[in-house]
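Worksheet: one structure, shown below.
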Amino acid sequence: MILMIVTSSRSNINIRHLEKATVSTGKEGLLSEGNAAYNWSRCVDELESQLSKHGSLKKLYFYHQHLTAVFRNTMFGPKGRPQHCCAWLGVASSFPECASPIVPEEIKFSPSHSHASLIFIFWGARLSISLPITSPKPQKK
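Heads up: the sequence shown is residues 1 to 141, going by the UniProt record's numbering.
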């Protein structure tokens, strides 16, 4: 908002002078601070598009043992918070792309299984937990 006022055509403040004044104090300049604020807000406001463009959680699949330890700690550890395990559903939803025919137990489940069942198939087989959740069928009127 401040930058909009300062850079307005009606403003008598020259943005270059303001930038020089703020830089001479030894602090970051107003423009660089504004750019940083824009980039931070972009990361928050456009998180989904940034993740789809630049990142994929499917690479986490190859850290199976570490993820299993973290999952167990989150679920059952002394400082565990089972409610945080819902975040694992997002991670597990990208894992079917990594399933390999070399490991038959990874591909024996059809894609129609829910994400909840996938998370426990990949990690929870040793926990003997299977949570197949199917979407409700639409009711006929």
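Note that CB positions come from ideal geometry on N, CA and C, so glycine has one too.
- When the Cα atoms are used, Tyr-38 and His-64 turn out to be separated by approximately 36 Å.
- The continuous alpha helix (DSSP H) containing Arg-72 extends over residues 64 to 76.
- With 16 or more neighbouring CB atoms inside 10 Å of its own CB, Phe-71 falls in the buried class.
- In this structure, DSSP gives Gly-34 a helical state, which the three-state scheme calls helix.
- Between the alpha carbons of Phe-62 and Ser-52 lies a gap of roughly 19 Å.
- Judged by DSSP in its simplified three-state form, Lys-59 adopts helix.
- The three-state reading of DSSP puts Lys-53 in helix, counting H, G and I together.
- A straight line joining the alpha-carbon of Gly-77 with that of Ser-32 spans about 43 Å.
- Rounded to whole angstroms, Ala-69 and Ile-102 show a C-alpha spacing of 23 Å.
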